[in-house]
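Visitor: Heads up: the sequence lines are chains A and B, in that order.
Mind the numbering: the first sequence is residues 1 to 143 in UniProt numbering, read in order.
Mind the numbering: the second sequence is residues 1 to 143 in UniProt numbering, read in order.
In this text, a Cβ means the ideal position worked out from N, Cα and C, and glycines have one as well.
2 protein chains.
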Amino acid sequence: MPYRFTESVPYLLNRAGVSVAERFTRRLEEYEVSLPMYRVLAVLRQTGTHTLGELSAMVSVEMSTLSRLIGAMAKRDLVTRDRPQDNARIVLIDLTDGGRAMADKLMPIATHFEDTLVSNLDPAQVETLKSLLRQVNQQVEKL
Amino acid sequence: MPYRFTESVPYLLNRAGVSVAERFTRRLEEYEVSLPMYRVLAVLRQTGTHTLGELSAMVSVEMSTLSRLIGAMAKRDLVTRDRPQDNARIVLIDLTDGGRAMADKLMPIATHFEDTLVSNLDPAQVETLKSLLRQVNQQVEKL
DNA sequence: TCATCTTGTTTGCGTTTGCAAATATTTCAT
DNA sequence: ATGAAATATTTGCAAACGCAAACAAGATGA
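1) Select from Glu54/A, Met102/A and Ile93/A the residue whose C-alpha is nearest the C-alpha of Glu32/A.
2) Using the beta-carbon count (16 or more within 10 Å), is Arg39/B buried or exposed?
3) List the residues of chain A that Lys105/B touches, going by C-beta distances under 8 angstroms, in chain order.
4) Could you give the C-beta distance for Thr51/A and Val91/A, rounded to a whole number, given that I count them as a contact under 8 angstroms?
5) Does the beta-carbon distance from Asn137/A to Ala21/B come in below 7 angstroms?
6) Check whether the stretch 2-17 of chain B and the stretch 108-126 of chain A touch, using three or more Cβ-Cβ pairs below 8 angstroms as the test.
7) Kindly say whether Tyr38/A, judged by its beta-carbon, lies nearer than 7 angstroms to any beta-carbon of chain B.
8) Tell me, please, whether the CB atom of Val33/B is closer than 7 angstroms to any CB atom in chain A?
9) Is Val79/A helix, strand or coil when you go by DSSP?
10) DSSP three-state label for Leu44/A, please.
11) Closest Cβ-Cβ distance between Asn14/A and chain B: below 7 angstroms?
12) Taking the alpha helix (DSSP H) that Leu143/A belongs to, which residues open and close that run?
13) Under 7 angstroms, do Leu143/A and Arg45/B count as touching if we go by C-beta distance?
14) Does any C-beta atom of chain A lie closer than 7 angstroms to the C-beta of Gly17/B?
15) According to DSSP, is Arg121/A part of a helix, a strand, or is it coil?
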């Protein structure tokens with residue numbers, strides 16, 4: 001079977017990723033939150049304080065971009081950046097109360113997206129999809 | 001089960017998509033081809049001439065961005081843009097011989113990526129993954 | 001302890017991006 | 001045939017991005 005670009009995993013991944021991202025971005029507009037901002041809020045809400053580097057890896061945003069993004073979010077009082085005195089080269093980022101409130105407010109949108117995206121699949125298929133995506137992610141290391 | 005952002009479909013999709021894209025971009029560097037350029041080349045190679053609008057939908061690149069990208073690719077003689085006299089509002093984009101040669105040269109990289117990404121899955125699982133991704137894509141319309 | 005190496009973050013800068021407006025052409029209704 | 005609506009592409013502009021260099025602090029080892 002010849003290689004068909006439009007059926008390749010990277011193509012399907014990108015296509016799905018971009019279209020979901022576009023729609024989600026539209027939904028976030030009224031809150032004046034960008035998609036990368038939402039991702040930061042959602043990660044911090046789920047797993048608590050992180051350094052910039054950790055956050056960068058988790059949300060797949062380049063560190064220099066994230067540094068500026070966190071700056072903007074701090075200015076809007078969504079997060080705090082804290083340089084601990086015991087290790088002054090790292091920056092710990094955490095949600096403010098306002099940031100947490102915003103994250104909470106956005107959760108229904110996220111769950112609606114999740115529910116809708118998999119609404120034609122049964123629970124076993126959803127687990128399969130997620131498992132396969134995680135496995136693809138693992139394979140990336142081998143490229 | 002509570003909603004876990006880092007296990008949501010959009011998150012997994014984005015994570016995989018970004019990391020594959022990053023690696024692929026690195027591999028394209030030596031050819032001085034960007035990832036969006038590669039996507040255009042690959043689509044045209046697979047399915048022939050398309051208008052700008054069709055191409056935009058197929059490669060998930062916003063039309064204004066694509067318009068400029070195609071301009072750059074035309075300047076580098078990878079593609080031609082042609083306004084047919086029978087319908088002068090559309091622009092037909094096609095590969096030049098050089099563009100086709102470049103596309104051909106890049107195919108081994110693409111197949112290597114595809115092979116590696118799914119190398120831990122059996123053929124049935126690969127088909128399942130692709131089918132599920134296509135289905136997710138369909139569901140996007142319902143958001 | 002003081003040079004050096006490593007780790008973590010920020011800044012400078014040119015490029016790419018997306019939105020909105022402008023432009024151009026075709027289609028449709030009258 | 002003519003003005004209005006629809007379709008397709010391009011351009012202006014400001015925001016976001018990624019790379020590389022700069023910067024800062026901690027770890028290592030003579």
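Guide: In short, the structure shows the following:
1) Position 32 of the first sequence, counted from the first residue, corresponds to residue 32/A. Measuring from the Cα of Glu32/A, the nearest candidate turns out to be Met102/A.
2) On the second sequence, residue 39/B is found 39 positions in, with the first residue counted as 1. Arg39/B is buried by the Cβ-count criterion.
3) Looking up residue 105/B in the second sequence gives position 105. Those do not exist, as Lys105/B stays about 14 angstroms from chain A at its closest Cβ, beyond 8 angstroms.
4) Against the first sequence, residue 51/A aligns to sequence position 51. Against the first sequence, residue 91/A aligns to sequence position 91. That belief holds up - the Cβ atoms of Thr51/A and Val91/A are roughly 6 angstroms apart, short of 8 angstroms.
5) For the purposes of this step, residue 137/A is taken as the residue at position 137 of the first sequence. For the purposes of this step, residue 21/B is taken as the residue at position 21 of the second sequence. Going by C-beta atoms, Asn137/A is not nearer than 7 angstroms to Ala21/B.
6) yes
7) Counted from its first residue, the first sequence places residue 38/A at position 38. With 7 angstroms as the cut-off, Tyr38/A does not count as an interface residue toward chain B.
8) Numbered from 1 along the second sequence, position 33 holds the residue referred to as residue 33/B. No - not a single Cβ of chain A is within 7 angstroms of the one on Val33/B.
9) Taking the first sequence and counting its residues from 1, one reaches residue 79/A at position 79. Three-state result, Val79/A: strand.
10) In the first sequence, residue 44/A corresponds to position 44, counting from 1. Residue state, collapsed to three classes: helix.
11) Your numbering for residue 14/A matches position 14 in the first sequence. Taking Cβ atoms only, chain B reaches closer than 7 angstroms to Asn14/A, which makes this a yes.
12) As a working note, residue 143/A is residue 143 in the first sequence. Taken as a continuous stretch (DSSP letters only), Leu143/A belongs to no alpha helix (DSSP H), as it is neither H nor E.
13) Residue 143/A sits at position 143 when you count from the first residue of the first sequence. Residue 45/B sits at position 45 when you count from the first residue of the second sequence. Going by C-beta atoms, Leu143/A is not nearer than 7 angstroms to Arg45/B.
14) Within the second sequence, numbered from 1, the residue matching residue 17/B stands at position 17. With 7 angstroms as the cut-off, Gly17/B counts as an interface residue toward chain A.
15) As a working mapping, residue 121/A is identified with position 121 in the first sequence. Position check: residue 121/A holds Leu in this sequence, whereas Arg was assumed. Coil at Leu121/A, not helix or strand.
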